[in-house]
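With the sequence shown counted from 1, adding 366 to any position gets you the numbering used here. Worksheet for the structure shown next.
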Amino acid sequence: AKYTDNMGKKVNDIGDEVTALSDATNAAITRHDKDIVDLAQAGLKATEALEANRKDIDANKQGIVDLAKGLQLAAEAVEDNRKEIDANKAAIAENTAKLEEQKEANDGFNNAIASLDEDIITLKKADLAAADALKAHRTDIDANKAAIETKADKTAVESVRTIAVEAQKSAQVAKGAVEVAQKSAETADSHAKAAQTAAAKAQESADTNAVQIAANTKQIDTNKTDIAALQTANGQHAAGIAKNSARIDSLDKNVANLRKETRQGLAAQAALSGLFQPYSVGKFNVTAALGGFKSDTAVAVGAGYRFNENFAAKAGLAVGTSSGGSASYNVGLNYEW
Numbered sequence: 367a368k369y370t371d372n373m374g375k376k377v378n379d380i381g382d383e384v385t386a387l388s389d390a391t392n393a394a395i396t397r398h399d400k401d402i403v404d405l406a407q408a409g410l411k412a413t414e415a416l417e418a419n420r421k422d423i424d425a426n427k428q429g430i431v432d433l434a435k436g437l438q439l440a441a442e443a444v445e446d447n448r449k450e451i452d453a454n455k456a457a458i459a460e461n462t463a464k465l466e467e468q469k470e471a472n473d474g475f476n477n478a479i480a481s482l483d484e485d486i487i488t489l490k491k492a493d494l495a496a497a498d499a500l501k502a503h504r505t506d507i508d509a510n511k512a513a514i515e516t517k518a519d520k521t522a523v524e525s526v527r528t529i530a531v532e533a534q535k536s537a538q539v540a541k542g543a544v545e546v547a548q549k550s551a552e553t554a555d556s557h558a559k560a561a562q563t564a565a566a567k568a569q570e571s572a573d574t575n576a577v578q579i580a581a582n583t584k585q586i587d588t589n590k591t592d593i594a595a596l597q598t599a600n601g602q603h604a605a606g607i608a609k610n611s612a613r614i615d616s617l618d619k620n621v622a623n624l625r626k627e628t629r630q631g632l633a634a635q636a637a638l639s640g641l642f643q644p645y646s647v648g649k650f651n652v653t654a655a656l657g658g659f660k661s662d663t664a665v666a667v668g669a670g671y672r673f674n675e676n677f678a679a680k681a682g683l684a685v686g687t688s689s690g691g692s693a694s695y696n697v698g699l700n701y702e703w
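Okay, structure coming up:
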């Protein structure tokens with residue numbers, strides 16, 4: 367009876383241990399299932415993150431291509447503006463040279479006009495002197511006529527006639543001088559009108575050049591504004607490219623880390639799945655396995671115990687062989703009937 371009591375107590379103790387072990391096993395299985403679900407969800411999230419990262423990388427690549435095209439167009443626009451500025455500078459230099467030529471021509475015309483004015487004044491003075499001489503001769507002729515009428519002396523008449531002839535000659539000389547003076551005056555007036563016409567044309571050309579210079583100056587200011595805007599846009603593009611490059615570098619790093627963790631996790635699972643289960647009743651076993659996925663490997667060790675023909679338990683731990691690898695574990699129960 368004592369032996370039976372002891373056996374019953376042992377059976378009860380074993381039953382309690384089996385119940386406790388079963389509870390622990392169920393909890394471990396639950397945790398293991400949860401870990402598997404978490405790993406599957408993490409793998410799904412990793413796949414989604416990889417796809418999102420791939421889309422972001424594609425978008426960033428397209429953005430970089432668009433920015434490169436924009437920079438190319440901006441460089442071409444800057445080159446066109448530079449060519450226009452060079453052309454405007456050449457036009458301004460040409461207009462400046464023309465203005466200098468017009469200025470020299472105007473100075474020559476002004477000097478010619480001043481000389482013609484002096485000639486006109488001189489001719490006017492000569493004309494006045496000739497008129498005075500004619501008036502004096504007319505007075506002498508009138509006096510001689512009066513003397514002829516009052517005197518009967520033939521000698522005196524001849525003398526007066528001689529004086530009249532001389533006076534007539536002087537009058538003709540004076541008349542010729544007047545005609546020459548008039549022709550000189552007409553020539554001077556013609557030269558003056560030609561000089562005025564040339565001066566008007568020179569002024570018109572100078573006004574046209576001034577308008578062109580003003581237009582060129584305005585175009586240069588516009589080109590400067592466009593160049594400043596393009597430089598600002600280039601700076602913004604450069605900042606955007608730098609920002610996108612930083613984001614791409616960060617995405618590459620995240621993708622690399624995620625790839626590494628995924629491979630290590632799959633290698634650890636492969637190693638854990640290779641651990642053996644205890645077979646003999648009442649035997650404790652120790653097992654080891656090696657697993658890998660692509661370039662990553664993991665080593666797993668485990669132990670188990672078979673309580674009877676129907677019930678066994680085991681646990682395992684896996685560690686990646688690469689630097690920075692994390693550990694994975696599992697616990698399993700087996701009940702056969």
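Built from N, CA and C at the ideal position, the CB exists for glycine as well. The model shown is predicted, which means the values in this text are computed figures rather than measured ones.
{"Item": "Anyone know if the C-beta pair for N676 and Y701 falls short of 8 Å?", "Value": "yes"}
{"Item": "List the whole-angstrom C-beta distance separating Q630 from A664, where the pair is believed to meet the contact cut-off of C-beta under 8 Å.", "Value": "7 Å"}
{"Item": "Please classify K680 as buried or exposed, where buried requires at least 16 other C-beta atoms within 10 Å of its C-beta.", "Value": "buried"}
{"Item": "Across which residues does DSSP place L683 in a beta bridge pair?", "Value": "V667, Y695"}
{"Item": "Our contact map puts R672 next to G698 with C-beta atoms below 8 Å; I'd like the distance itself, whole angstroms only.", "Value": "In fact, because the Cβ distance is near 12 Å, the residues do not count as touching under 8 Å."}
{"Item": "Given a cut-off of 8 Å on the beta-carbon distance, is the pair V444 and L596 in contact?", "Value": "yes"}
{"Item": "Please tell me whether G686 and A608 are closer than 8 Å, where the distance is taken between their beta carbons.", "Value": "no"}
{"Item": "Among R613, A612, A565, which residue has its Cα nearest to the Cα of D473?", "Value": "A565"}
{"Item": "Which partner residues does L656 have in the DSSP bridge list?", "Value": "V665"}
{"Item": "For the candidate residues Y695, V621, G690, Q438, whose alpha-carbon lies nearest to that of T413?", "Value": "V621"}
{"Item": "Look at L632 and F659 and say whether their C-beta atoms are less than 8 Å apart.", "Value": "yes"}
{"Item": "Measure how close the beta-carbons of N454 and Q585 come, nearest whole angstrom, since I'm counting them as under 8 Å.", "Value": "6 Å"}
{"Item": "Is N623 helix, strand or coil when you go by DSSP?", "Value": "helix"}
{"Item": "Report the CB separation of V667 from A678 in whole angstroms; it is logged as a contact under 8 Å.", "Value": "That pair is no contact at about 18 Å."}
{"Item": "Kindly examine the ligand NAD and report whether one of its heavy atoms sits closer than 7 Å to the Cβ of A605.", "Value": "The model depicted lacks the ligand NAD and carries no ligand whatsoever."}
{"Item": "Report the rounded CA-to-CA distance for R624 versus L641, giving the unit in angstroms.", "Value": "Per the sequence presented here, residue 624 reads as Leu, with Arg not at that position. Distance between the alpha carbons of L624 and L641: 26 Å."}
{"Item": "Output the distance between the C-alpha atoms of I487 and S571, rounded to the nearest integer angstrom.", "Value": "31 Å"}
{"Item": "Rounding to the nearest angstrom, what Cα-Cα distance links G436 and N696 in this structure?", "Value": "57 Å"}
{"Item": "Determine whether the beta carbon atoms of S689 and D662 lie at a separation below 8 Å.", "Value": "no"}
{"Item": "Quick one, which of N419, V652, A434 has its alpha-carbon nearest A605's?", "Value": "A434"}
{"Item": "Report yes if the CB atom of A440 is closer than 8 Å to the CB atom of A599, and no otherwise.", "Value": "yes"}
{"Item": "According to DSSP, which residues form a beta bridge with Y701?", "Value": "F677"}
{"Item": "Using the Cβ count rule (16 or more neighbours within 10 Å means buried), how would you classify N447?", "Value": "buried"}
{"Item": "Give me, in chain order, the residues of the same chain whose beta-carbon lies closer than 8 Å to that of Q578; leave out the 5 immediate sequence neighbours on both sides.", "Value": "A457, N461"}
{"Item": "Rounded to whole angstroms, what's the CA-CA distance from H603 to D592? Just pull it up for me.", "Value": "16 Å"}
{"Item": "With H, G and I counted as helix, E and B as strand and the rest as coil, what does DSSP make of D519?", "Value": "Its pLDDT being 49, under 50, D519 is placed unreliably by the model, and the measurement read from it follows with that caveat. Reduced to three states, the DSSP call for D519 is coil."}
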